[in-house]
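Trainee: For the sequence shown, my numbering begins at 40 and goes up steadily by one.
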Amino acid sequence: MTTGGGLDELCARFEKEHDDYNSIIAKALADRFAEAFAECLHKRVREEWGYGRGESLSVEDLIKERYRGIRPAPGYPAMPDHTEKRTLFSLLEAELNSGIQLTENYAMIPASSVCGLYFSHPVAQYFSVGKIGEDQLRDYSARKGMDVAEGKRWLGPNLP
Numbered sequence: 040m041t042t043g044g045g046l047d048e049l050c051a052r053f054e055k056e057h058d059d060y061n062s063i064i065a066k067a068l069a070d071r072f073a074e075a076f077a078e079c080l081h082k083r084v085r086e087e088w089g090y091g092r093g094e095s096l097s098v099e100d101l102i103k104e105r106y107r108g109i110r111p112a113p114g115y116p117a118m119p120d121h122t123e124k125r126t127l128f129s130l131l132e133a134e135l136n137s138g139i140q141l142t143e144n145y146a147m148i149p150a151s152s153v154c155g156l157y158f159s160h161p162v163a164q165y166f167s168v169g170k171i172g173e174d175q176l177r178d179y180s181a182r183k184g185m186d187v188a189e190g191k192r193w194l195g196p197n198l199p
């Protein structure tokens with residue numbers, strides 16, 4: 040999902056007027072709205088899937104993620120490989136249905152966009168993928184159908 044529609048044009052107008060402050064603020068607000076909407080959708084999913092009905096969570100509970108389920112996203116510690124965005128986009132026909140496009144480096148355009156997965160298992164929790172060995176890199180690259188050099192490109196931060 041995105042909250043970045045029209046943001047580039049708005050920021051270009053601000054920048055043309057030498058108003059960097061409002062350009063920066065507009066980008067920051069769009070990013071925060073995207074994250075807030077993703078959190079709102081997560082609440083809706085918890086309710087519609089039945090396990091979040093009747094939740095009575097405070098703002099602090101929400102911030103500390105004291106609800107059932109997680110919403111990891113490609114490029115974050117639990118899913119460091121950005122190329123999985125292509126899989127999600129293909130399955131959902133996201134470019135057609137949302138207007139969000141992926142660059143060759145898997146950045147999303149408009150920039151104030153969010154993609155991820157919802158997991159509802161009662162003990163699902165966030166985690167970080169640590170450092171991986173050369174053998175894991177080779178295995179992962181083979182399973183992804185890419186050569187090891189490309190695998191290194193996407194998993195570089197997880198290599199020793």
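Even glycine gets a Cβ: it sits at the ideal position worked out from N, Cα and C.
Bear in mind the structure is a predicted one, so any value in this text is a computation, not a measurement.
Locate the alpha helix (DSSP H) running through Leu68, then write down its first and last residues.
Mentor: Asp59 to Glu87
Trainee: Quick one: give me the first and last residue of the alpha helix (DSSP H) that Arg105 is part of.
Mentor: Unbroken run through Arg105: none, as it is neither H nor E.
Trainee: Could you check how far apart the C-beta atoms of Ser137 and Thr41 are, in whole angstroms? I think they sit under 8 Å.
Mentor: 6 Å
Trainee: Out of curiosity, what's the CA-to-CA distance linking Lys55 and Ala69?
Mentor: 19 Å
Trainee: Which of helix, strand or coil does DSSP assign to Leu141?
Mentor: For Leu141, the three-state secondary structure derived from DSSP is strand.
Trainee: So, under 8 Å CB-CB, Cys50 and Ala65 are touching, yes? Tell me the CB distance rounded to an integer number of Å.
Mentor: The pair is a contact, with the Cβ atoms about 6 Å apart (cut-off 8 Å).
Trainee: Could you check the C-alpha separation between Tyr106 and Gly155 for me, to the nearest Å?
Mentor: 17 Å
Trainee: Give me the Cα-Cα distance between Ser45 and Met147, rounded to the nearest whole angstrom.
Mentor: Residue identity check: residue 45 is Gly in the sequence provided, not Ser. Gly45 and Met147: Cα-Cα distance of roughly 14 Å.
Trainee: Three or more beta-carbon pairs under 8 Å between the region 78-97 and the region 111-127, yes or no?
Mentor: no
Trainee: Do Ser151 and Ala73 come within 8 Å of each other at the CB atom, strictly closer than that value?
Mentor: yes
Trainee: Between which two residues does the alpha helix (DSSP H) carrying Phe128 extend?
Mentor: Glu123 to Leu131
Trainee: For Asp174, I'd like the list of residues in its chain whose CB is within less than 7 Å of its CB, leaving aside the five on either flank, ordered along the chain.
Mentor: none
Trainee: For Tyr200 and Glu134, I'd like the C-alpha separation in whole angstroms.
Mentor: Examination of residue 200 is not possible in this model, given that the chain is present from 40 through 199 alone.
Trainee: If you follow the alpha helix (DSSP H) that Leu198 is in, where does it begin and where does it stop?
Mentor: It is not in any alpha helix (DSSP H) - Leu198 carries neither H nor E in the DSSP assignment.
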